[in-house]
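Trainee: Quick note: the sequence shown uses the numbering used here, first residue 46, plus one each step.
Let me give you the structure first, and then I'll get to my questions.
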Amino acid sequence: MKDNLFELLLNLFEQSLTQLQKKHQSADPDSVELVDDETPNAENQSLYIRTAHLSSTRVFTYDEQMKLTKASYQFLMKMKLLGIIDNDALELIMNQLQFSESRIVTLQEAKWTIRNVLANNFNEEQLAFLDLVLYQSEDELTLH
């Protein structure tokens, strides 16, 4: 009985997944997706990676969460909410932090990585402001 119920649920899931794929394919004619039950040829497979929507939320994986300290995670989120870091820059920063040799990423390492990633895109004035934002609490400077 359990096997039959499991097979029934699995079949229902496959049918609903196929229907969703067909609806998605008809709604988005630019992308090529596979809806056949057969194994496709390697030359027919295509991978389309789209950029994140503005309203999408970045979810950190367990490994990313374990790599960051609470302070470094909160600092990254604060910088993102303030608009200093956009989604693409956040991904670059997270990639660099994940491949860091440190077992746990400290706040100092996160700040250093943020500065290095954003330094390529900022002019001197913006870079000076970024340095103030990143290191004001260490020097106990106040922004006026």
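Ideal placement from N, C-alpha and C gives every residue a C-beta, glycine not left out.
Computed from a predicted model, the values in this text were never measured in an experiment.
(1) Are L152 and T102 closer than 8 Å when you measure CB to CB?
(2) Beta carbon of D125, beta carbon of L135: below 8 Å?
(3) Quick one, which of T63, L142 and Q70 has its alpha-carbon nearest E109's?
(4) Does the Cβ-Cβ distance between S117 and V150 come in under 8 Å?
(5) State buried or exposed for K156, treating a residue as buried only when at least 16 other CB atoms are found within 10 Å of its CB.
(6) Bridge partners of V150, per DSSP?
Mentor: Inspection of the coordinates gives the following:
(1) no
(2) The residue asked about is misnamed: residue 125 is Lys in this sequence, not Asp. In contact: K125 and L135 (Cβ atoms closer than 8 Å).
(3) L142
(4) yes
(5) buried
(6) L113
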